[in-house]
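In this note's numbering, the protein residues as written are 141 to 665.
Beta carbons: idealized from backbone N, C-alpha and C, even for Gly.
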């Protein structure tokens with residue numbers, strides 16, 4: 141409204157019937173009343189309930205699904221991995237874009253969203269309608285749509301916390317409270333409780349963010365000892381010569397971040413003082429390295445000398461050197477601290493040093509960071525980017541856990557997703573064939589009989605259920621071809637289960653190629 145009030149409008153969504161609508165103005169400009177309002181891709185009207193919103197989204201999605209069918213049903217069309225990308229970015233994104241609204245839908249409505257996802261993925265993978273959803277999501281390597289919608293909504297609110305004080309959801313009446321409806325507020329409380337932290341611990345943007353890449357001198361590839369070609373044995377000597385020649389009067393500080401299965405920690409070291417702290421275990425090594433530099437500027441820097449900070453994190457220093465407004469919040473915080481020092485006429489230089497190369501400063505601070513214990517002081521800061529990354533891992537883990545607990549785990553074992561397999565296959569035909577092999581949905585009399593589409597499920601040679609397992613593992617008709625295939629795949633046991641066969645097939649690209657070439661001898665195409 142502040143940007144362009146003449147293009148703003150008001151909509152009445154209350155249950156009351158007004159005889160006349162009041163005249164409202166903003167900055168002296170009258171605001172018009174509207175019958176509908178579009179927000180986050182959703183058209184709101186007075187009678188527009190959740191069911192109506194869902195029907196409109198489904199209608200849009202189904203139109204795009206028909207377009208996906210045109211691509212997916214071509215025998216030599218786009219690869220499966222590309223179709224999955226199209227599905228996510230064109231069809232399912234309709235629901236993801238408006239997740240802060242859809243996440244408040246009922247479970248029934250959210251399950252309807254899941255149906256759109258599974259329908260889309262079946263077309264992308266090229267598998268029939270009776271493919272189980274659990275296998276479908278495992279093959280596609282996708283999160284359950286309803287779970288992802290909730291995650292994206294929480295992720296949206298966490299980003300608002302991290303962009304304080306610039307978020308419109310927080311900056312209201314000079315108060316620093318996130319304005320949320322009760323359902324969203326409760327979801328956020330549960331999320332932070334599960335993460336063992338609170339919103340106040342999230343690293344936020346500084347009041348005056350800085351995106352100047354020339355804020356300080358950062359040396360990444362400027363000196364001889366930083367070259368990858370130099371032998372490790374002479375790095376320490378070359379480093380000492382560099383310091384004596386180019387930084388003889390600088391106050392040196394070494395920093396390091398460490399992450400193990402027990403602790404995530406930071407440490408800093410100068411020739412006067414040192415520190416080490418535990419930090420929140422969700423923080424990445426990248427965040428730890430940057431936090432270590434921030435803490436070093438607070439605790440170890442001296443006012444009367446220029447500062448030289450040594451770090452073995454190339455990614456952290458590179459990120460600072462190429463800082464933008466969209467850089468991680470912890471980088472923005474570091475830039476702000478450097479700017480404060482610079483305004484006090486103190487120069488800060490950062491020097492990348494190769495890790496584990498015999499440089500005393502680096503070896504000492506690395507050891508210091510790894511020596512933390514439960515009694516070491518704890519800093520509660522946590523990066524929003526690391527929270528979001530963790531939530532994403534938890535969400536996809538639900539798909540893997542559902543598969544692991546299902547009966548299909550025992551039937552087909554731990555198979556890779558189709559994105560991984562596509563690195564070994566050549567075209568859409570092979571992508572689709574392998575997806576059907578894994579899901580056991582190759583069209584056979586035994587499979588068709590399960591859905592009353594074939595009168596006789598039995599093999600005419602063996603008189604057993606004629607499904608894909610029987611054809612590949614037991615059928616006497618293909619015994620000679622099976623022996624040849626087993627030898628090529630280095631399978632010793634003559635009688636194996638379907639999951640064991642797949643484990644051999646997906647060992648490497650060579651085995652998969654052999655298997656695909658052999659399928660024609662089993663009358664599978």
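Nearest neighbour of residue 204 by Cα position, chosen from 227, 217, 184, 185, turns out to be 227.
The straight-line gap separating the alpha-carbon atoms of residue 356 and residue 471 is approximately 13 angstroms.
Residue 452 holds the alpha-carbon nearest to the alpha-carbon of residue 398 among 452, 535, 411.
In chain order, 180, 182 place their CB closer than 7 angstroms to the CB of residue 241, counting only its own chain and leaving out the 5 sequence neighbours on each side. DSSP places residue 590 within a helical segment (H, G or I) once states are collapsed to three. By the Cβ rule, the stretch 578–588 does not count as touching the stretch 297–312, because fewer than three pairs are nearer than 8 angstroms. For residue 535 against residue 323, the beta-carbon gap comes to about 19 angstroms, at or over 8 angstroms, which does not count as contact.
When beta bridges are read from the DSSP output, residue 165 appears opposite 170. Close CB contacts of residue 445 within its chain, under the 6 angstroms cut and outside five residues either way in sequence, are with 391 (chain order). By the beta-carbon neighbour count (other beta carbons within 10 angstroms, threshold 16), residue 266 is buried. In the three-state reduction of the DSSP assignment, residue 357 falls in the strand class, which pools E and B. Nearest to residue 425 by alpha-carbon distance, out of 442, 438, 407, 440, is 407. Spatial neighbours of residue 525 in its own chain (CB-CB distance under 7 angstroms, excluding positions within 5 residues in sequence) are listed in chain order as 468. Annotation: residue 626 to residue 641 spans about 9 angstroms, alpha carbon to alpha carbon. Residue 209 and residue 198 have their C-alpha atoms spaced approximately 16 angstroms apart. As far as DSSP is concerned, residue 336 takes part in no beta bridge. For residue 396, the enclosing beta strand (DSSP E) starts and ends at 391–399.
Under the three-state reduction of DSSP output, residue 414 falls in the strand class. Counting every other CB atom within 10 Å of its CB across the protein chains shown gives residue 379 a total of 16 or more, marking it as buried.
Per DSSP, the continuous beta strand (DSSP E) segment holding residue 408 begins and ends at 404–409. In this structure, 298 is the residue among 401, 575, 298 with its C-alpha nearest to the C-alpha of residue 529.
A Cβ-Cβ separation of about 7 angstroms places residue 153 in contact with residue 184 under the 8 angstroms criterion.
Secondary structure at residue 637: coil, using DSSP grouped into helix, strand and coil. Annotation: residue 638 to residue 218 spans about 29 angstroms, alpha carbon to alpha carbon. At least 8 angstroms separates the beta-carbon of residue 326 from that of residue 539. For residue 573, the closest alpha carbon among the candidates 351, 630, 246, 663 is that of 663. Burial check for residue 221: the Cβ neighbour count within 10 Å reaches 16 or more, so the residue is buried.
Residue pairing of residue 178 in beta bridges, as defined by DSSP: 183. Annotation: the continuous alpha helix (DSSP H) that includes residue 574 extends over 568–579. The shortest CA-to-CA distance from residue 306 to any of 260, 344, 202 is the one to 344.
Secondary structure of residue 441 (DSSP, three-state): coil.
Just measuring C-alpha positions, the residue of 550, 551, 567 sitting nearest residue 558 is 567. When Cβ pairs closer than 8 angstroms are counted between the two stretches, the stretch 482–496 is seen to touch the stretch 363–375, the count reaching three or more.
Note: residue 605 is bridge-paired with 598 in the DSSP secondary-structure output. About 6 angstroms separates the CB atoms of residue 405 and residue 419; that is less than 8 angstroms, so the two are in contact. Residue 456 sits away from residue 439, with the two beta carbons spaced by 8 angstroms or more.
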